[in-house]
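Novice: One structure is given below, represented as structure tokens, and several questions about it will come after.
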Amino acid sequence: MSNIVKEVMSANAEYVSSFGDKGNLPMPPGRAFAILTCMDARLDPAKYAGLAEGDAHVIRNAGGRASDDAIRSLIISYKLLGTRERFVIHHTDCGMETFTTEIMGDLLSGSLKTANVDASGWHDSNAGGGTSDGKYINWLTISDNAKSVVEDVQRIRNNAMVPGDIPIYGYIYDCKTGELVEIAEATAEGRVR
Ligand SMILES: [Zn+2]
Numbered sequence: 001m002s003n004i005v006k007e008v009m010s011a012n013a014e015y016v017s018s019f020g021d022k023g024n025l026p027m028p029p030g031r032a033f034a035i036l037t038c039m040d041a042r043l044d045p046a047k048y049a050g051l052a053e054g055d056a057h058v059i060r061n062a063g064g065r066a067s068d069d070a071i072r073s074l075i076i077s078y079k080l081l082g083t084r085e086r087f088v089i090h091h092t093d094c095g096m097e098t099f100t101t102e103i104m105g106d107l108l109s110g111s112l113k114t115a116n117v118d119a120s121g122w123h124d125s126n127a128g129g130g131t132s133d134g135k136y137i138n139w140l141t142i143s144d145n146a147k148s149v150v151e152d153v154q155r156i157r158n159n160a161m162v163p164g165d166i167p168i169y170g171y172i173y174d175c176k177t178g179e180l181v182e183i184a185e186a187t188a189e190g191r192v193r
């Protein structure tokens, strides 16, 4: 077994030992809201937004982008589980700002090994064994962080399956301070209609 598996299982045993009455939590989130945010390891939505088990839905992907799949989850979140407010939370220093869809396609063409980054950008070892499949994917990269929050709020707001009375708020998490900074234009776009 890998060390990581051992560490995870040991942490889980500790969690189980103090699980308490959380086994009685209902499925619908108790505080009836959902967060869409980035998978970045420095972000802990439970901590930065004060969540306990059972409180809220947290949907995460690279960039916290309003991809088709993120929207699928957000729709299930209200339609079947009753959440009534949404946060789109991107963050400073996001990896999605460091490449473009074209660059990702090229890196995957070079090899499937982990690429390296330096001041001049991303570089592949070009060791071979790559694939052109990455050229057919929109990687939803970010060129302007605040604008990407506005765009994602707009994309959710304009989806025909998202009711107008669900407010959507836009924020950027500051990785240096832990602060959530509102993007007023995004929140305005996400207001109840
Ligand atoms: Zn990120």
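What the sequence shown shows, in our numbering, is residues 1 to 193, in sequence order.
No residue lacks a Cβ here, since even glycine has one placed at the ideal position from N, Cα and C.
A quick note: this is a predicted structure, and the numbers were derived from the prediction, not measured.
Does the stretch 60-77 come within contact of the stretch 133-153, defined as at least 3 CB pairs closer than 8 Å?
Specialist: Yes, the stretch 60-77 is in contact with the stretch 133-153.
Novice: Hey, how far is the Cα of residue 121 from the Cα of residue 98?
Specialist: Position 121 of the sequence shown holds residue 121. Position 98 of the sequence shown holds residue 98. Using only the alpha carbons, I get a separation of about 7 Å.
Novice: Tell me, please, whether the stretch 83-97 touches the stretch 158-173 by the rule of three or more beta-carbon pairs shorter than 8 Å.
Specialist: With a cut-off of 8 Å, the stretch 158-173 and the stretch 83-97 count as touching, because enough Cβ pairs lie within range.
Novice: Tell me whether residue 34 sits in a helix, a strand or coil according to DSSP, three-state version.
Specialist: Counted from its first residue, the sequence shown places residue 34 at position 34. Strand at residue 34.
Novice: Is residue 153 closer than 8 Å to residue 189 when the C-beta atoms are compared?
Specialist: Counted from its first residue, the sequence shown places residue 189 at position 189. Counted from its first residue, the sequence shown places residue 153 at position 153. Closer than 8 Å, so yes.
Novice: Tell me whether residue 104 counts as near ligand 1, meaning its Cβ is closer than 7 Å to at least one heavy atom of that ligand.
Specialist: Taking the sequence shown and counting its residues from 1, the one referred to as residue 104 is at position 104. Not so, every heavy atom of ligand 1 lies at least 7 Å from the Cβ.
Novice: Does the Cβ-Cβ distance between residue 128 and residue 108 come in under 8 Å?
Specialist: Here residue 128 is taken as the residue at index 128 of the sequence shown, counted from 1. Here residue 108 is taken as the residue at index 108 of the sequence shown, counted from 1. Cβ atoms of residue 128 and residue 108: not closer than 8 Å.
Novice: Give me every residue whose Cβ sits closer than 5 Å to any heavy atom of ligand 1, in chain order.
Specialist: Counting every residue whose Cβ lies closer than 5 Å to a heavy atom of ligand 1, we get 38, 40 and 94.
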